[in-house]
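Quick notes on the structure that follows.
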Amino acid sequence: MTLCSFETSSGPLTPEITRTLPDTEIIDRLHINAWRNGTLRAAVEAIGRRPLLMAGLWTEVRLTFPALSATQAGYEVFAVVDASAGSSTAAHEAAIVRRCHGHRPRPHGRLGTGRQSCECGIQQQGA
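Residue 1 is where the sequence shown starts when you use UniProt numbering, and the numbers rise one by one after that.
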């Protein structure tokens with residue numbers, strides 16, 4: 001499990017999560033894309049499984065970006081969409097479509113996405 005800047009911005013996990021997953025290691029990260037965190041990738045590699053389950057709060061960024069990156073790295077990623085949430089219903093649904101199609105545009109044109117996903121994608125490319 002990862003949190004973005006646990007010590008500075010995300011704050012502690014809710015009691016419901018810590019009670020449900022009491023022995024789960026929390027990996028603090030600075031990148032929007034959790035897959036860019038070497039500690040996370042090392043933990044995933046140590047498990048040795050190729051299929052991954054991913055969920056996230058902020059579907060269009062914190063689920064989509066690491067899911068696409070892990071897919072590009074050769075993992076089979078299952079996005080648990082009913083355990084994820086976007087900044088809006090439209091953004092969540094656009095992120096699911098993007099996740100299903102990867103970086104490829106749809107046959108009829110460009111792939112839809114939300115404003116925040118676009119902004120964070122641009123930020124991620126510059127980081």
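For each residue, glycine too, the CB sits at the ideal point set by N, CA and C.
Endpoints, the beta strand (DSSP E) within which Arg29 is located: 27-29
Start-to-end residues for the beta strand (DSSP E) that takes in Pro51: 51-54 is the span of the beta strand (DSSP E), which, as asked, contains Pro51.
Proximity to Gly86 [Cα-Cα], best of Thr59, Ala46, Gly74: When Thr59, Ala46, Gly74 are compared, the shortest CA-CA separation from Gly86 is found for Thr59.
Val77 to Ala34 span [Cα, whole Å]: 14 Å
Through-space distance from Tyr75 to Asn37, alpha-carbon basis: C-alpha separation (whole angstroms): 16 Å.
For Val80, the nearest candidate out of Thr18, Ala67, Ala42 (CA to CA): Ala67
Delimiting residues of the alpha helix (DSSP H) encompassing Glu16: Annotation for Glu16: the continuous alpha helix (DSSP H) segment containing it runs 15-20.
Spatial distance of Gly56 from Glu45 (CA atoms): About 20 Å.
Straight-line gap, Arg49 to Ser88 (C-alpha atoms, nearest Å): 32 Å
Per-residue burial, Met1 [other beta carbons within 10 Å of its own, 16 or more giving buried]: exposed
Endpoints, beta strand (DSSP E) assigned at Val77: 76-79
Beta-carbon proximity list for Thr39, same chain, < 8 Å, skipping 5 on both sides: Beyond the five residues adjoining it in sequence on each side, Thr39 comes within less than 8 Å, by CB distance, of Ile27, Arg29 in the same chain, given in chain order.
Between the CA atoms of Arg98 and Thr64 - distance to the nearest angstrom: 8 Å
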